[in-house]
Amino acid sequence: MKIWKRISDQGRDTIPLQPVLWIDGSKKEGELPNVAVTLQIRSMYEEKFSYELIYDVNDILIMRIEVENKGIEVISRVVVSHMIRDYFSYIPNSLQVNKGMSEFLFQLVRWRIDNLLPNEKVELSCKLKANKDKAIKTALFKATYTFQHKEVSYGPLQTNEVVVRQ
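In structure tokens, the structure reads:
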């Protein structure tokens, strides 16, 4: 009790620790940095990715995460993470990226990109299978990401939501 009194007597203000979440990067032109990270999904039988999908049990789905540097300067240390829900299973050896390093840890997909040049767009994709034992009617997918620009860290930030319905 005395410790609390000493701290409160010093006139210090509290700082909220809730993270700021951005969706689809910065919106203002010329604002630096300007990074867009999007998550989309499609059925293995469809060609186009979407933000909404209707699936059946045992369907194979393809999830794609894109990171685009829309700014005019290099961004660095981009880390994207997505937790695959229990009602979907990762299909082994399906994780692919065109830049950086990716890994699958239990149900977590993690992707690290050292540097992303201006106007550069990179992609991660993997295949998922809808489990029949744990299927639910509606699921929401989203990913979180962080990055650095001029030695300033941004994040954790959040992608758009993808709705997956059975």
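Using this note's numbering, count along the sequence shown one by one with no gaps and you end on 166.
Cβ coordinates follow ideal geometry from the N, Cα and C atoms, glycine included.
Rounded to a whole number of angstroms, what is the C-alpha to C-alpha distance between residue i and residue j?
{"i": "L140", "j": "V57", "result": "16 Å"}
{"i": "S50", "j": "N34", "result": "23 Å"}
{"i": "P118", "j": "I60", "result": "34 Å"}
{"i": "G30", "j": "Q148", "result": "Only weak support is given to the placement of G30: the predicted model assigns it a pLDDT of 45, under 50, and the value that follows is read from those uncertain coordinates. Taking the straight line from one Cα to the other gives about 17 Å."}
{"i": "I62", "j": "L105", "result": "18 Å"}
{"i": "K129", "j": "Q158", "result": "24 Å"}
{"i": "L39", "j": "I72", "result": "23 Å"}
{"i": "P156", "j": "M44", "result": "31 Å"}
{"i": "Y145", "j": "Q96", "result": "18 Å"}
{"i": "D113", "j": "P92", "result": "In the sequence as displayed, the identity of residue 113 is Ile instead of Asp. Computed Cα separation, rounded: 22 Å."}
{"i": "M83", "j": "S76", "result": "23 Å"}
{"i": "P16", "j": "T138", "result": "Residue placement at P16 cannot be trusted, given a pLDDT of 43 that sits under 50; what the coordinates show is reported in the next sentence. Distance between the alpha carbons of P16 and T138 is about 33 Å."}
Check the Cβ-Cβ distances between residue i and every residue of chain D, and say whether any is below 9 Å.
{"i": "D56", "result": "Of the protein chains in this structure there is only one, and it is not chain D."}
Rounded to the nearest angstrom, how far is the Cβ of residue i from that of residue j, given a contact under 8 Å?
{"i": "V152", "j": "C126", "result": "Not a contact, Cβ separation roughly 30 Å."}
{"i": "E68", "j": "K121", "result": "4 Å"}
{"i": "I136", "j": "Y90", "result": "17 Å between Cβ atoms; not a contact."}
Pull up the DSSP beta-bridge partners for residue i, would you.
{"i": "Q96", "result": "S125"}
{"i": "Q148", "result": "S76, S153"}
{"i": "R64", "result": "Q40, S125"}
{"i": "F104", "result": "V109"}
{"i": "Y90", "result": "L128"}
Output yes or no for whether 9 Å exceeds the beta carbon distance between residue i and residue j.
{"i": "N131", "j": "V74", "result": "no"}
{"i": "R42", "j": "L53", "result": "yes"}
Stretch pair the stretch 145-164 + the stretch 90-105: three plus CB contacts closer than 8 Å: no
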